[in-house]
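Protein chains in written order, with UniProt numbering: chain A, 1 to 352; chain B, 1 to 315.
Ideal placement from N, C-alpha and C gives every residue a C-beta, glycine not left out.
These numbers were taken from a predicted model, which means no experiment stands behind them.
Data first, discussion second: the structure below is written as structure tokens.
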């Protein structure tokens, strides 16, 4: 292990003739570091909450639930663990989506919110909560929000690529449609029935409250398949960052690759927004933090961003449910409050 | 000595059987619009998911809930609306907000019953891991209906019947003295800094309906729970206008300027000194809320001179 970590030569991981990943020792080190960080955050989060449990008891319940009282097992297994896993999965999904969008638009400000998924999902959710309540059962609202996000993202893609794909056009159309939908959402919040609006606000704030194991299983599916496909496209992403012409000269056709990657990032974002509401700030900051450790090498950048995104949302959710307990603060709000200053300091320290 | 041991063992055995049978008999099935739930016959620790209706109604029935949601601002004590000025709440634990009650804080109380409102049905599945959850049809039925169900669950039907008797007496007395209540129009609203809503808290709207009082045309056409521009206030003009203020939110002061405007002063109810300004948290959405609101309206309509836009026939 020591030889791998400190060897100046990249470690070659061959999956097939098309996918060859050269892992640097530093990349492996940071991956291991953030895996350890995530494990630490999980252990801390499992021992934190309104129900007073010692760290030892919490871990015993996690690793050996059969030997512990039912009430304590319920607190950990029904209330804490689904939130923690959902937080990590949503954070990872949004971070990966952020990497893809920042790379294909070659825009550092791009985030999963840019392609309208967040705004589309929020607007759809509010329409069915405020204007047409009871039309759709509550359990199907996240799926409806997800569909809304997909439709808006497709609309943005069609508008921005009708006269040929251009990253700048995608960004501008995305910003325009997102602003329009945000105005619509604001209007519904301001003039909608206060009781109904209040129900939607918690979700809009990015809350993992009420997350169930079922949502965790669904989220695993939505993270693993698109996430793996995106990671397997790391070579194309490395080339797309250099420009369309360079990518094309190396055999990457952006007319095929970009819509495919965009579709995968929309899938990741929609699934996260449907599970946890609007947390998309993590999709902006996690890739930037990860780039500090592995630059734009997407083979490492994608998993590293995913780990950082997972850590950030687990941290945000744990602080949100414990800082002012029993008052529950949405993870999205905590993430912005804690993450934004750190992000500003981090960016201020960048040499270029 | 051996005989004593045998008798003791027999006594303990009988006691165990009795206690087990009593324990199993302590559960019963409660059924309403939200389904069947196995509930304890005499719940010892009830958690309420709404302060302004369920918590207050529980106190009125003589039940001291062990936990309740409340309104809370950062770095301030939780505020149990409509409750803490009437009852001692020192032993009432705060369990989060009504939109996101903290499951762990509820579990820590070890409750044997959790009660919630219609829109809290979505919490039922998770909270059922802690204790039986009964959702009351607060959106679908009247206060009287769901308060009756709550009294049934906690075994305080006799106290509820007394509340019901008093309320029905006020309504019947009102109808006896005002034979044509539909000729008297009432608007219930809440004026904020730059808009207003049509809302009557503390059971006011239900009392107005039960008394058979009329509503102005503009009120009947408008929707409740929506913010209207203050310019539309004249559409809601009625014989009586009822607004409420919240002492905690300083709403009296915040809206004082509007009450000085010609738009407000031109209203029939204002010109004839028939504008009523009640404390919003004085009564909750409960049986005592209905009774209190009914007495207030009774007093202002029956026991004083009242001017109406339409001719009113009084006994």
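Would residue 107 (chain B) count as contacting chain A if we go by Cβ distances under 8 Å?
yes
Tell me the rounded alpha-carbon separation between residue 76 (chain B) and residue 334 (chain A).
19 Å
Beta-carbon proximity list for residue 342 (chain A), same chain, < 7 Å, skipping 5 on both sides
none
If the cut is a Cβ gap below 9 Å, which residues of chain B does residue 325 (chain A) touch?
96, 102, 104, 105
Let me see if you follow: with CB-CB separation under 8 Å, is residue 217 (chain A) close to chain B or not?
no
State yes or no: is the beta carbon of residue 79 (chain A) nearer than 8 Å to at least one beta carbon in chain B?
yes
Would you be able to state if there are at least three C-beta pairs under 8 Å between the segment 81-91 of chain B and the segment 279-290 of chain B?
yes
Which residues mark the beginning and the end of the beta strand (DSSP E) in which residue 40 (chain B) is found?
35-40
Selection of the segment 47-72 of chain A by Cβ proximity to chain B, strictly under 8 Å
49, 50, 51, 52, 71
Against chain B: residues of the segment 306-333 of chain A by CB proximity under 8 Å:
321, 324, 325, 326, 327, 328
From the DSSP output, which residues share a beta bridge with residue 71 (chain B)?
B:79
Sorted by chain position, which residues of the same chain lie with C-beta nearer than 6 Å to residue 183 (chain A)'s C-beta, five sequence neighbours on each side aside?
none
Just confirm the distance between the C-beta atoms of residue 119 (chain A) and residue 178 (chain A), as a whole number of angstroms; I'd bet it's less than 8 Å.
4 Å
Excluding sequence positions up to five away, which residues of its chain have a Cβ less than 8 Å from the Cβ of residue 303 (chain A)?
31, 231
Please name the residue or residues paired with residue 133 (chain B) in a DSSP beta bridge.
B:114
Is residue 166 (chain B) near residue 62 (chain B), with beta carbons less than 8 Å apart?
no
If we define contact as Cβ-Cβ less than 8 Å, is residue 118 (chain A) a contact residue for chain B?
no
With DSSP as the reference, label residue 215 (chain A) as helix, strand or coil.
helix
How would you write the range of the alpha helix (DSSP H) that residue 347 (chain A) sits in, first residue to last?
331-348
Quick check on this structure: which residue in B:41, B:43, B:64, B:44 has the alpha carbon closest to the alpha carbon of residue 51 (chain B)?
B:64
Taking residue 243 (chain B) as part of the beta strand (DSSP E), name the residues at either end of that continuous run.
240-245
What are the boundary residues of the beta strand (DSSP E) that includes residue 68 (chain A)?
Run containing residue 68 (chain A): none; DSSP gives neither H nor E here.
If you count every other CB in all the chains shown that lies within 10 Å of the CB of residue 132 (chain A), and 16 or more means buried, which is it?
exposed
Based on DSSP bridge pairs, tell me the residues matched to residue 47 (chain B).
B:67, B:114
Going by CA-CA distance only, name the one from A:192, A:267, A:157 that's closest to residue 105 (chain A).
A:157
Is there a Cβ of chain B sitting closer than 8 Å to that of residue 102 (chain A), yes or no?
no
My guess is that residue 113 (chain A) and residue 275 (chain A) are in contact by the Cβ rule of under 8 Å, so how many angstroms apart are they, rounded?
So it is not a contact: roughly 16 Å between Cβ atoms.
Can you list the residues of chain B that residue 202 (chain A) reaches, using a CB-CB cut of under 7 Å?
99, 100
Run through chain A and tell me which residues come within less than 9 Å of residue 226 (chain B), C-beta to C-beta.
191, 192, 193, 194
Between which residues of its own chain and residue 72 (chain A) is the CB-CB distance below 6 Å, once the five residues before and five after are set aside?
61
Within 8 Å of chain A by C-beta, residues of the segment 62-92 of chain B in sequence order
72, 74
8 Å Cβ cutoff, residue 236 (chain A) in contact with chain B:
no
Determine which residues share a DSSP beta bridge with residue 32 (chain B) and list them.
B:35
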